[in-house]
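One gets the numbering used here by counting positions in the sequence shown from 1 and adding 661 to each. We put the beta carbon where it would ideally sit given N, CA and C, even for glycine. Structure first, then comments.
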Amino acid sequence: MTEDMKDEKEKVYTASKEHIKKAVFKSLAIAAAYSVFMLLIGRSTFTFLSIFVGIILGAIFLFTVNAISKNKVFVANEYIAFKPIYTNEMDTYNWHRVTSVAIGNVEDNRGRVPVTIYGVQMVYFRDTLDDEKVATSIAFALDHFVDYDLLIDDIKQICITRGISVQDGR
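This is the structure:
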């Protein structure tokens with residue numbers, strides 16, 4: 662690693678405002694559509710209930726949008742860290758443990774059903790209680806970030822510099 666690479670600070674990438682605006686619009690549209698639907702099908706007893714449920718749905722969706730706006734990726738020469746929308750904890754991965762990176766359409770299998778996302782998938786070694794190293798795969802969606810191409814270019818550059826296998830399927 663060169664001396665100028667050590668002095669470089671981490672770069673922080675955040676969700677795009679356009680992505681957040683679309684999510685807000687969808688959230689409010691779904692809540693409003695539900696309220697109108699309940700008003701059209703029902704009797705007066707449904708009026709209060711439909712408005713109340715619409716407000717609750719809107720609040721839930723806006724909470725999700727707020728979480729998306731806090732989603733961040735930190736890229737540095739020593740590590741990459743993700744702050745996903747579903748937790749306040751940082752998922753940090755040291756580059757010296759990463760063996761390969763795939764970019765583009767990758768499979769995220771953290772949930773019950775594997776889904777294809779547009780982002781990055783890393784294979785890295787984690788330690789176990791038996792002092793063994795186990796290869797683990799993790800994927801993160803990154804397509805909603807402001808500077809997606811710059812983020813991917815930074816990841817690729819660090820991988821190339823560190824000799825990490827990288828596949829760009831964009």
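Beta-ladder partner(s) of residue i, from DSSP
i: F743; result: V734 and D752
i: D829; result: I764
i: Y695; result: Y695 pairs with nothing; no bridge assigned.
i: I799; result: M783
i: T675; result: K733
i: V759; result: Y785
Beta-carbon proximity of residue i to residue j, cut-off 8 Å
i: V736; j: I816; result: yes
i: I821; j: W756; result: no
i: Y785; j: T760; result: yes
i: F722; j: A692; result: yes
Contacts around residue i, its chain only, beta-carbon distance under 7 Å, and the 5 residues preceding and following it disregarded
i: K916; result: In the structure as shown, the chain begins at 662 and stops at 831. Residue 916 is therefore absent and cannot be evaluated.
DSSP three-state assignment for residue i, whether helix, strand or coil
i: K670; result: coil
i: D810; result: helix
i: G780; result: strand
i: T663; result: Confidence at T663 is low in this model, with a pLDDT of 39, below 50, so the placement of that residue should be treated as unreliable; the coordinate-derived value is given next. If DSSP states are grouped into helix, strand and coil, T663 belongs with coil.
Contact set for residue i: own chain, Cβ-Cβ below 8 Å, skip 5 residues either direction
i: N766; result: T777, I778, Y779 and G830
i: V781; result: V762, A763, I764, V767, A800, F801, L803, I813 and I816
Distance between residue j and residue i (C-alpha atoms, nearest Å)
i: V762; j: Q828; result: 6 Å
i: I716; j: F724; result: 12 Å
i: N732; j: R787; result: 24 Å
i: V734; j: L701; result: 44 Å
i: I796; j: F806; result: Checking the displayed sequence, the identity of residue 796 turns out to be Ala instead of Ile. In a straight line, the C-alpha of A796 is about 28 Å away from that of F806.
i: D810; j: A802; result: 13 Å
i: D808; j: T675; result: 8 Å
i: I799; j: K683; result: 27 Å
i: F743; j: F698; result: 39 Å
i: L812; j: E750; result: 21 Å
i: K794; j: L718; result: 44 Å
i: Y839; j: K670; result: In the structure as shown, the chain begins at 662 and stops at 831. Residue 839 is therefore absent and cannot be evaluated.
i: V685; j: N738; result: 35 Å
i: A720; j: P745; result: 20 Å
Distance cut-off 7 Å: residue i Cβ against heavy atoms of the ligand MG
i: I717; result: Inclusion of the ligand MG in the displayed structure is not the case, the ligand content being empty and no account of it being possible.
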